[in-house]
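> Residue numbers for the sequence shown follow the numbering used here, so the first one is 25 and each next one is one higher.
We put the beta carbon where it would ideally sit given N, CA and C, even for glycine.
Let me give you the structure first, and then I'll get to my questions.
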Amino acid sequence: MMSDPASGVSVEGMLNSIISECIWGSVPAEPDKLDVDGWQMHSPVPSRDPPRNDLISYGEFLERRTTLSRPERKALKTTFTAPGSIGNACREHFEMLRAKMQLISGSSSLPCSVVPAFFKLLLVLSEQDIDYRIVFRTFGHDARSVAEEYNRFCTGTHPLFQEKGYAAPDKALDLSRGFKRLIRSASGPRLFMGIDAENDEKELAHGLQPIYRYLRESLRQNMHALSIRDDFSWWRDCGESDDSGKLLLIHPEEENTDVFQVFFDDNIERDYAHIVDVRNVLTGESIPYTESNGIYLCRVAPLEIINDESYFVKELDRILKNRGLAADLLR
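If you want it as structure tokens, here you go:
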């Protein structure tokens, strides 16, 4: 998403937040928790990876080394380069990204919130006759707007892609039955129809294996796209731990060279899954990040998504190669 109106984050706020995750600085080893001025910028030039192993991004610093609440962290990240803020020295990079965003969406009369790099991936998969299914995952309230934009792409009416001549209406998300809501509790996860609480009586599946089977069969038989609203309250109440985030259910005997899952998310961290709970559906055990990273999970770099339209194509190509598959999606 290039903006998140549902949570009150503008394009400018989103760009500031992106830069805060790509600017690196130093912090003292002790104490474990610091004041907000405990982080010292190393360089005002953003990069996906740290210039040195002992550096930490401003966003990661707020997350790990302060006691600030989520709203307080959000406020600091979304104003990171503003005048008087700690990242103001990076303002020129913010302006460059903002100009890029205006170039992307400025000619459109319809709202464009999904990054073009995502649609470029779908175009490449279609050109190479690779079958795929899409499952949108969100903690927020943006499911419908994302689905509507995705459907414009599928029907050939997306303002940024009309000239491509692409149309695949059969891959569109059914707005009447394609939305699901996943609720987690001590009694196990439950999947419901719809994305709002009033639909909770329409339970579709309860438990890891029933949910896995329902989703797999739905996507195999009659649906090319789904949207799931995940349980943010559960993740928050569990301390935003790896094993309480968005469920990714893996059946080790069914993940093969013909069908496999890849979860893209920009909140996956460098050294832990953070927002995605990857589980073996047979045992119920979490799959360690060291085993899931680059195989089932892809940590997305928003800075690169904006600057490189082929970003998702390159990342999927990398994951295919990690799985031992010959791949060259950009051929």
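What did DSSP end up calling Arg366 once you bin it into helix, strand or coil?
The first residue shown for the chain is 25 and the last is 355, placing residue 366 beyond what the model contains.
> Indicate the three-state DSSP secondary structure (helix, strand or coil) for Trp48 in the structure shown.
On the sequence shown, position 24 is the one that residue 48 refers to. Strand, per DSSP.
> What would DSSP say about Phe288, mapped onto helix, strand or coil?
The sequence position of residue 288 within the sequence shown is 264, counting from 1. Strand, per DSSP.
> Identify the residues that DSSP records as bridge partners of Ala389: which are they?
Because the chain is modelled from 25 through 355, residue 389 falls outside the range shown and cannot be assessed.
> Is it buried or exposed, Glu315, if we count other Cβ atoms within 10 angstroms and call 16 or more buried?
Residue mapping note: residue 315 aligns to position 291 of the sequence shown, counting from 1. Label assigned to Glu315: exposed.
> Closest by CA to Cys262, which one among Pro326, Ile299, Asp290?
Taking the first residue of the sequence shown as 1, we reach residue 262 at position 238. For Cys262, the nearest C-alpha among the options comes from Ile299.
> Which one of Ala249, Gly180, Glu264 has the shortest CA to CA distance from Phe256?
Counting from 1 along the sequence shown, the entry for residue 256 is found at position 232. Looking at the Cα atoms, Glu264 is the closest of the given residues.
> Using CA coordinates, which residue listed in Asp155, Tyr320, Asp254, Gln186 is at the minimum distance from Leu243?
The sequence position of residue 243 within the sequence shown is 219, counting from 1. Checked all of Asp155, Tyr320, Asp254, Gln186; the closest Cα to Leu243 is Asp155.
> Rounded to whole angstroms, what is the Cα-Cα separation between Leu146 and Phe336?
Locating residue 146 in the sequence shown gives position 122, where the first residue counts as 1. Locating residue 336 in the sequence shown gives position 312, where the first residue counts as 1. Rounded to whole angstroms, Leu146 to Phe336 spans 9 Å at the Cα level.
> Rounding to the nearest angstrom, what Cα-Cα distance links Ile343 and Ser211 in this structure?
By one-based count along the sequence shown, residue 343 stands at place 319. By one-based count along the sequence shown, residue 211 stands at place 187. Their backbone Cα atoms lie some 34 Å apart in a straight line.
> Please return the same chain residues whose Cβ sits closer than 8 Å to the Cβ of Ala143, not counting the five positions on each side in sequence.
Against the sequence shown, residue 143 aligns to sequence position 119. According to the sequence provided, residue 143 is Phe. The question's Ala does not apply to it. So the qualifying residues of the chain are Phe177, His182, Leu184, Phe185.
> Does the count of Cβ pairs from the segment 65-84 and the segment 276-288 closer than 8 Å reach three?
Below 8 Å, too few C-beta pairs join the segment 65-84 and the segment 276-288 to call them touching: fewer than three.
> State buried or exposed for Glu54, treating a residue as buried only when at least 16 other CB atoms are found within 10 Å of its CB.
For this step, residue 54 is matched to residue 30 along the sequence shown. Exposed.
> Can you round the beta-carbon distance between Ile330 and Arg303 to whole angstroms, since I take them to be within the 8 Å contact cut?
The count along the sequence shown starts at 1 and reaches residue 330 at position 306. The count along the sequence shown starts at 1 and reaches residue 303 at position 279. Ile330 to Arg303, Cβ: 32 Å. No contact.
> Per DSSP, what are the beta-bridge partners of Lys204 in this structure?
The count along the sequence shown starts at 1 and reaches residue 204 at position 180. Within the DSSP bridge table, the entry for Lys204 names Met217, Ile252 as partners.
> Would you kindly work out how many angstroms separate the C-alpha atoms of His117 and Glu279, rounded to a whole number?
By one-based count along the sequence shown, residue 117 stands at place 93. By one-based count along the sequence shown, residue 279 stands at place 255. If I take the Cα positions, the gap works out to 41 Å.
> Do you know whose CA, among Arg161, Leu239, Ala167, Asn40, lies nearest Lys270's CA?
Walking along the sequence shown from the start, residue 270 turns up at place 246. A check of alpha carbon separations from Lys270 across Arg161, Leu239, Ala167, Asn40 identifies Arg161 as the nearest.
> DSSP state of Cys114, grouped into three classes?
Locating residue 114 in the sequence shown gives position 90, where the first residue counts as 1. Correct three-state label for Cys114: helix.
> So, with DSSP's three-state summary, where would you put Asp153?
If you number the sequence shown from 1, residue 153 lands on position 129. Looking at Asp153 - three-state DSSP - the assignment turns out to be coil, as it is neither helix nor strand.
> Three-state secondary structure (DSSP) at Asp295?
Here residue 295 corresponds to residue number 271 of the sequence shown, with the count starting at 1. Of the three classes helix, strand and coil, the one that applies to Asp295 here is coil, per DSSP.
> Based on DSSP bridge pairs, tell me the residues matched to Lys195.
In the sequence shown, residue 195 corresponds to position 171, counting from 1. Paired residues: none, contrary to the question.
> Counting only the same chain and skipping the five closest in sequence on each side, list residues whose C-beta sits under 8 Å from that of Ile319.
Along the sequence shown, one-based indexing puts residue 319 at 295. Excluding sequence neighbours, Ile319 sits near Ile343, Asn346, Arg347.
> Should Lys204 and Ile252 be called a contact, given that it needs their Cβ atoms to be closer than 9 Å?
Residue mapping note: residue 204 aligns to position 180 of the sequence shown, counting from 1. Residue mapping note: residue 252 aligns to position 228 of the sequence shown, counting from 1. Yes. Within cutoff.
> Whose C-beta lies closer than 7 Å to the C-beta of Ile219 among residues of the same chain, with five residues either side of it excluded?
Here residue 219 corresponds to residue number 195 of the sequence shown, with the count starting at 1. The answer, listed in chain order, is Ala167, Phe203, Arg205, Arg253.
> Less than 8 Å between C-beta atoms, sequence neighbours within five positions excluded: which residues of the same chain meet that for Leu92?
The sequence position of residue 92 within the sequence shown is 68, counting from 1. Val60, Leu86, Leu100.
> So Cys178 is in the alpha helix (DSSP H); what residue range does that whole segment cover?
Numbered from 1 along the sequence shown, position 154 holds the residue referred to as residue 178. Cys178 -> alpha helix (DSSP H) spans 167-178.
> Looking only at its chain, what residues have a beta carbon closer than 8 Å to the beta carbon of Met125, apart from the 5 residues adjacent to it on each side?
Against the sequence shown, residue 125 aligns to sequence position 101. The residues are Met26, Val35, Leu39, Ile330.
> Since I believe Pro326 is in contact with Leu306 (beta carbons under 8 Å), could you give me their beta-carbon distance rounded to a whole number of angstroms?
The residue you call residue 306 lines up with position 282 of the sequence shown. The residue you call residue 326 lines up with position 302 of the sequence shown. So it is not a contact: roughly 34 Å between Cβ atoms.
> I think Pro52 touches Gly37, with their Cβ atoms under 8 Å apart; what is that distance to the nearest whole Å?
Here the question's residue 52 lines up with position 28 in the sequence shown. Here the question's residue 37 lines up with position 13 in the sequence shown. That belief does not hold up - the Cβ atoms of Pro52 and Gly37 are roughly 29 Å apart, past 8 Å.
> Tell me Ala229's beta-bridge partners as DSSP assigns them.
Locating residue 229 in the sequence shown gives position 205, where the first residue counts as 1. Answer is Leu215.
> Quick test of your reading: Val372 and Val170, contact by CB under 8 Å. State the CB separation rounded to the nearest angstrom.
Residue 372 is absent from the structure shown; the chain starts at 25 and stops at 355.
> Which residues mark the beginning and the end of the beta strand (DSSP E) in which Asn304 is found?
Start at 1 with the first residue of the sequence shown, and residue 304 comes out as number 280. Counted as a single uninterrupted DSSP element, the beta strand (DSSP E) harbouring Asn304 occupies residues 300-304.
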